[in-house]
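J.:
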Amino acid sequence: MAPCLIAKDFETYTYNYRINRLSTVEEHYMLRRAIDKGASKDRLARAFNVNLSTINRRINLLHGICPHATELLNDHQFTPDVPRHLRKMKAARQIEAVELMIAANSITAAHADALLKATPPEQRTDYTPPKPEEPKRYPLAQIVRLEREMNTMQEKYKAAENSYGSELLNLVVAKGYLTKLVGNEAVQS
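Residue numbers (our numbering): 33 to 221.
1) Are the CB atoms of residue 108 and residue 127 nearer to each other than 8 Å?
2) Please classify residue 185 as buried or exposed, where buried requires at least 16 neighbouring CB atoms within 10 angstroms.
3) Roughly how many angstroms separate the alpha carbons of residue 58 and residue 94, rounded to a whole number?
4) What are the partner residues of residue 121, as DSSP defines its beta bridges?
5) In its own chain, which residues sit with a C-beta less than 7 Å from the C-beta of residue 34, not counting the 5 before and 5 after it?
6) Since residue 120 and residue 158 are thought to touch, with beta carbons under 8 Å apart, how far apart are those beta carbons, to the nearest angstrom?
7) Are the CB atoms of residue 104 and residue 130 within a distance shorter than 8 Å?
8) If you draw a straight line from the alpha carbon of residue 150 to that of residue 175, how long is it in whole angstroms?
9) To which residues of the same chain is residue 112 closer than 7 Å at the C-beta, ignoring the five residues directly before and after it?
10) How many angstroms separate the CA atom of residue 152 from the CA atom of residue 190?
11) Rounding to the nearest angstrom, what Cα-Cα distance links residue 117 and residue 192 in this structure?
12) Assuming residue 170 is part of the alpha helix (DSSP H), what are its boundary residues?
13) How many whole angstroms separate the CB atoms of residue 115 and residue 97, which I take to be in contact at a CB cut-off of 8 Å?
14) Helix, strand or coil, according to DSSP, for residue 82 in the structure here?
15) Buried or exposed: where does residue 78 fall if 16 or more other Cβ atoms within 10 Å of its Cβ makes it buried?
16) Using only the alpha-carbon positions, how far apart do residue 65 and residue 124 sit?
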């Protein structure tokens, strides 16, 4: 007889079931604290087996993101590309975009990019309102030529307006005549 353990419940041990992952924001704070306490970026990159640019992106992850949007993202996993799109939005739109992504359970760079593209220009950080244009100064010769062209166009319009009724009547009569002509059996054969 061999001693054995018998499990009375059906809970299974899986690798992913027992992992407690850091959220992306918590990872950012962890890296910032490590840098503040004197760890070098090179050493962190070697320890995590990533290149230095990845460490720099994760350290500067929340730069330009409003605090309320950061709070909303606190417990979620997302790629470092999501904040890159959020930075291009003003604070109110950042919050709205994060709420929409959380509601859709899709905090991805593609979703953030789509929301950025759907953002009205005045809610973007890269938007500059158009400057009012100064009225253009037209030379006198150009104004005289435009007035002449306008008078010619008005004369042509009035002539077309006067002949419109009679030309329409002629077209209606011609249409009736052609309809009768095509409807005649002798003409068809």
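C-beta atoms are modelled at their ideal positions from N, C-alpha and C, and glycine is treated no differently.
T.: Taking the definition as stated:
1) Their beta carbons are not under 8 Å apart, which means residue 108 does not touch residue 127 by this criterion.
2) exposed
3) 11 Å
4) 156
5) none
6) 6 Å
7) yes
8) 43 Å
9) Around residue 112, the same chain offers 89, 90, 93 as residues with beta carbons nearer than 7 Å, after the five sequence neighbours per side are excluded.
10) 45 Å
11) 57 Å
12) Careful: residue 170 lies outside any alpha helix (DSSP H) and carries neither H nor E.
13) 5 Å
14) coil
15) exposed
16) 28 Å
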